[in-house]
Amino acid sequence: MSNKTILRYTANQRTNHWLVAILFFMAGLSGLALFHPSMFWLTNLFGGGPWTRILHPYMGIAMFVLFLGLVFSFWRSNFFIANDRRWLRRINRVMVNDEESVPPVGKYNAGQKLLFWTLLLCMFALLFTGLVIWRAWFSAYFGITVIRWAMLLHALAGFVLILSIIIHIYAGLWIKGSVDAMLHGWVSRAWAKKHHELWYREITRDERRPDVPERPITKKG
1 MSNKTILRYT
11 ANQRTNHWLV
21 AILFFMAGLS
31 GLALFHPSMF
41 WLTNLFGGGP
51 WTRILHPYMG
61 IAMFVLFLGL
71 VFSFWRSNFF
81 IANDRRWLRR
91 INRVMVNDEE
101 SVPPVGKYNA
111 GQKLLFWTLL
121 LCMFALLFTG
131 LVIWRAWFSA
141 YFGITVIRWA
151 MLLHALAGFV
161 LILSIIIHIY
171 AGLWIKGSVD
181 AMLHGWVSRA
191 WAKKHHELWY
201 REITRDERRP
211 DVPERPITKK
221 G
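With the UniProt record's numbering applied, the sequence shown corresponds to residues 1 to 221, in that order.
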């Protein structure tokens, strides 16, 4: 299989990703249930209001810890390079699936990198504000003003996180092959070359024939 396809995600990375996804939906739904009375009916998914209040912070902490596993796996691939800025300036071409006219990118494009750092920031914000408002353990150590600000920032970070995940899901469905990569781990060489050419070159460097022309790494404009 490896002579026809490229391994994009290991089994551990895929398992970690899907566990984070499951916990995100559980923490998100329980958080929405506690956010506004109109959504309190969602507490039925977790055994009622008291159980929802008990489980929500624990699910959030579990999600954060597992998300750190993804951070440790992928953070090196999410630093910005010069081509990422050029890619962003031609995002309109990407949106119409004309990636031949945009600079090649590494394992992740600029949009994916922005999403990665946004998710990380939101996760830290949710963790620290969640600890402040966790009545069973920590809220007694903070004044009411701090708790109110923490609740506001917690809701804001949760809102941004939900929007980011919606974008993440849409992009994964829109780029054919992305979901398969996270399900099975492998991508075709054609897919890798089309969407992440610099990463493709790195992976296949030792196999590349000298007579195969390469698209320049950078472009003007």
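Beta carbons are placed, not taken as given, at the ideal position from N, Cα and C, and that holds for glycine.
Once DSSP output is grouped into helix, strand and coil, what is the label at residue i?
{"i": "Ile203", "result": "helix"}
{"i": "Pro103", "result": "coil"}
{"i": "Ile61", "result": "helix"}
{"i": "Lys176", "result": "coil"}
{"i": "Trp134", "result": "coil"}
{"i": "His195", "result": "helix"}
{"i": "Asn97", "result": "coil"}
{"i": "Asn109", "result": "coil"}
{"i": "Gly49", "result": "helix"}
{"i": "Arg90", "result": "coil"}
{"i": "Ile54", "result": "helix"}
{"i": "Phe79", "result": "coil"}
{"i": "His17", "result": "helix"}
Around the Cβ of residue i, are there at least 16 other Cβ atoms within 10 angstroms (buried) or fewer (exposed)?
{"i": "Gly48", "result": "exposed"}
{"i": "Asn109", "result": "buried"}
{"i": "residue 246", "result": "Outside the shown range of the chain (1 to 221) lies residue 246, about which nothing can therefore be said."}
{"i": "Lys4", "result": "exposed"}
{"i": "Gly143", "result": "exposed"}
{"i": "Glu197", "result": "buried"}
{"i": "Leu163", "result": "exposed"}
{"i": "Glu99", "result": "buried"}
What residues match up with residue i in a beta bridge as DSSP calls it?
{"i": "Leu7", "result": "Trp186"}
Between residue i and residue j, which are expected to be in contact by the criterion C-beta below 8 Å, what is the C-beta distance as a whole number of angstroms?
{"i": "Asn83", "j": "Val105", "result": "6 Å"}
{"i": "Leu126", "j": "Gly69", "result": "Wrong, their Cβ atoms sit about 17 Å apart, outside the cutoff."}
{"i": "Val132", "j": "Phe138", "result": "6 Å"}
{"i": "Met39", "j": "Leu32", "result": "5 Å"}
{"i": "Gly130", "j": "Tyr9", "result": "Between Tyr9 and Gly130 the Cβ distance is about 29 Å, and since that is not below 8 Å, they are no contact."}
{"i": "Trp134", "j": "Pro57", "result": "5 Å"}
{"i": "Val187", "j": "Gly172", "result": "With a Cβ gap of about 13 Å, Val187 and Gly172 do not count as contacting."}
{"i": "Leu120", "j": "Val71", "result": "6 Å"}
Under 7 Å: does the beta carbon of residue i sit that close to some heavy atom of the ligand ZN?
{"i": "Arg85", "result": "The ligand ZN is not part of this structure, which contains no ligands at all."}
Quiz prompt | Contiguous beta strand (DSSP E) assignments of at least 3 residues, all confined to the stretch 137 to 167 | solution = Runs of beta strand (DSSP E) with 3 or more residues, each lying fully within the stretch 137 to 167, are absent.
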